[in-house]
Amino acid sequence: MIENVFAKSFWYPLARCALAVVFVYSGIDKLVHFDAAVAEVAGFGFQPATVLAAITVASQLLGAVLLIAGGRAAILGALLLAAFTAAVTVLVHRFWLLEGIDQVRTASTFLEHVGLVGGFLLLAHHQARLSRGAPAA
3 MIENVFAKSF
13 WYPLARCALA
23 VVFVYSGIDK
33 LVHFDAAVAE
43 VAGFGFQPAT
53 VLAAITVASQ
63 LLGAVLLIAG
73 GRAAILGALL
83 LAAFTAAVTV
93 LVHRFWLLEG
103 IDQVRTASTF
113 LEHVGLVGGF
123 LLLAHHQARL
133 SRGAPAA
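With the working numbering applied, the sequence shown has no gaps in its numbers, which climb one by one up to 139 at the end.
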């Protein structure tokens, strides 16, 4: 029964959109408020902040568009967003340097981002199998 529900073709594009939406929102917000994005990057101590903010916007928007597009483009989008998310997670959400409630909150965010990376890798694997004509496994 449950297999029949999840065998419907709309679930896969819906899942891709759900994974992409936060990156679309964040990328557009950072683009519209680019000075704030630069300040955010600089606030984490990263330089050159303007270049890194531009790379962030480009990675988020390009990765999301590729993911939503589907097909082989979704593989590239998933891998781009996995790499971006993994890098940002390790560089920004350093819970091991914190204490108390700040450590708990940051560790939770860190682990949520690890889950996103896992979702992107799973999606890339699934799409690669579909692109080769293999069963989705």
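All residues carry an ideal CB built from backbone N, CA and C; glycine is no exception.
These numbers were taken from a predicted model, which means no experiment stands behind them.
Nearest to L21 (by Cα), restricted to the options D104, L63, S110 and E5: L63
Range covered by the alpha helix (DSSP H) that runs through A89: G73 to V94
Residues in its own chain within less than 6 Å of L118 by CB, not counting five upstream and five downstream? T87
Could you tell me the alpha carbon to alpha carbon distance between V106 and F122, rounded to whole angstroms? 25 Å
Taking the straight line between their C-alpha atoms, what separation do you get for A75 and V116? 22 Å
Spatial distance of A109 from L78 (CA atoms): 28 Å
Residues in the same chain with beta-carbon distance under 7 Å from F1, minus the five sequence neighbours each way, listed in chain order, please. Lying before the first or after the last residue shown, residue 1 is absent from the chain, which here runs from 3 to 139.
For W13, the first and last residue of its enclosing alpha helix (DSSP H): W13 to V34
Which residues mark the beginning and the end of the alpha helix (DSSP H) in which F46 is found? Neither: F46 is in no alpha helix (DSSP H) and is coded neither H nor E.
For D31 and E114, I'd like the C-alpha separation in whole angstroms. 21 Å
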